[in-house]
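So the structure is just underneath, and the comments pick up after that.
In UniProt numbering, the protein residues as written are 1 to 336.
Take a look at the structure:
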């Protein structure tokens, strides 16, 4: 039942004074008769229908403790509210605070518990290499990047196991079959693919069965897909530091076929490779298909179909922004 606002209470008083019955007034405002009587009594006692000032409860923490809570979680982002509560309890002893109080204080500082993004740990050497590479290439104009082919391999799981899946259920439905995430006994398996993108188009998507050795990399990917594209368009080839890419016979093959390579590529830098965004789009498109792929063969077919339908023309144009983002992060991971 709604609480009456001040103007509604004043209107209620006028209706009663005008001779309208209590039942009619209660029905008009969708309140009980008791509410009408209480409003009349308040009018007689105070002569006003204004809201009385609310009494604020005493704050559970001091300004100094608020600062301690904020700094504790800014300095250690993985610290739990329970740990901070226990620390303050040891300091106070006589008047402890609750975990909810700590969470409320963190909320006022804009700090909320969220699932962390997962990235590879960067060493100081990796950070320095990334920063140096970004500084050198951040001034390259767009037409230079348009003469590059960016390539990479990616693995797609038949069953997602990254913890993103959520189920909407009632409290007592945890083990109801419809609410269970049921995995195959020996795992669903995965499909590994290779692809390359340029400002003008994409290579065919290549399925990689088993381990990708340097010889297979040459015979199944470089010779049929990279060499023709380079000879037709004069592209500089980008590849990461995977073992098959850095092998001696791979470098020899690229040299003999006069394929220029963008190197040295900074280690652990998927955020500098625009094809990574395409992998994410490809995964989302496959996950939106109905019905979902149930076998590895169906997953492979779905990947190839969606790959052909996703545009990539604008991805190469993000290279300067990617370099600038690495510079702003001082060599650390970026949002890309």
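Note that beta-carbon positions come from the ideal geometry of N, C-alpha and C, so glycine has one too.
Q | Bridge-paired residues (DSSP) for residue 194 | A | Taking the chain shown and counting its residues from 1, the one referred to as residue 194 is at position 194. Per DSSP, the beta bridge partners of residue 194 are 153 and 206.
**Q.** Backbone CA spacing between residue 325 and residue 336 [nearest angstrom]
**A.** Counting from one through the chain shown, the residue named residue 325 turns up at place 325. Counting from one through the chain shown, the residue named residue 336 turns up at place 336. The C-alpha of residue 336 is placed about 8 Å away from the C-alpha of residue 325.
Q) So what's residue 261 in DSSP terms, helix, strand or just coil? A) For this step, residue 261 is matched to residue 261 along the chain shown. In the structure shown, the three-state DSSP call for residue 261 is strand.
Q: Using three-state DSSP, classify residue 238 as helix, strand or coil.
A: Sequence index remark: in the chain shown, residue 238 carries index 238 (1-based). In the three-state scheme derived from DSSP, where H, G and I count as helix and E and B as strand, residue 238 is classed as strand.
Q: Consult DSSP for residue 148 and reduce its assignment to one of helix, strand or coil.
A: Against the chain shown, residue 148 aligns to sequence position 148. Residue state, collapsed to three classes: strand.
Q. Where does residue 91 sit, in a helix, a strand or coil, going by DSSP?
A. Residue numbering aside, residue 91 sits at position 91 when the chain shown is read from its first letter. Residue 91 falls in the helix class under three-state DSSP.
**Q.** Nearest candidate by alpha-carbon position, reference residue 80, set 99, 63, 90 and 64
**A.** Here residue 80 corresponds to residue number 80 of the chain shown, with the count starting at 1. Distances from the alpha-carbon of residue 80 to those of 99, 63, 90 and 64 put 99 closest.
Q) Under the three-state reduction of DSSP, which class applies to residue 60: helix, strand or coil? A) Counting from one through the chain shown, the residue named residue 60 turns up at place 60. Reduced to three states, the DSSP call for residue 60 is coil.
(Q) For the ligand ATP, is there any heavy atom lying closer than 8 Å to the beta carbon of residue 170? (A) Inclusion of the ligand ATP in the displayed structure is not the case, the ligand content being empty and no account of it being possible.
**Q.** 8 Å contact criterion, which residue 334 and residue 283 should meet: CB distance rounded
**A.** Translated into positions along the chain shown, residue 334 becomes position 334. Translated into positions along the chain shown, residue 283 becomes position 283. With 8 Å as the limit, residue 334 and residue 283 do not qualify as a contact, their Cβ atoms being about 20 Å apart.
**Q.** Distance, residue 265 Cα to residue 125 Cα
**A.** Within the chain shown, residue 125 is the residue found at index 125, counting from 1. Within the chain shown, residue 265 is the residue found at index 265, counting from 1. If I take the Cα positions, the gap works out to 13 Å.
(Q) DSSP three-state label for residue 79, please. (A) Position 79 of the chain shown, counted from the first residue, corresponds to residue 79. Residue 79: coil per DSSP, three-state reduction.
(Q) Counting beta carbon pairs with one atom in the region 255-263 and one in the region 221-236, are three or more of them shorter than 8 Å? (A) The region 221-236 is in contact with the region 255-263.
Q.
Here's the rule I'm using: 16 or more other beta-carbon atoms within 10 Å means buried, otherwise exposed. How should residue 217 be labelled?
A. As a first step, residue 217 is located in the chain shown; it is residue number 217 there, counting from the start. Label assigned to residue 217: buried.
Q. Which ranges does the alpha helix (DSSP H) cover as unbroken runs of at least 4 residues, wholly within the region 87-142, from first to last along the chain?
A. List check, alpha helix (DSSP H) in window: 99-108 and 124-137.
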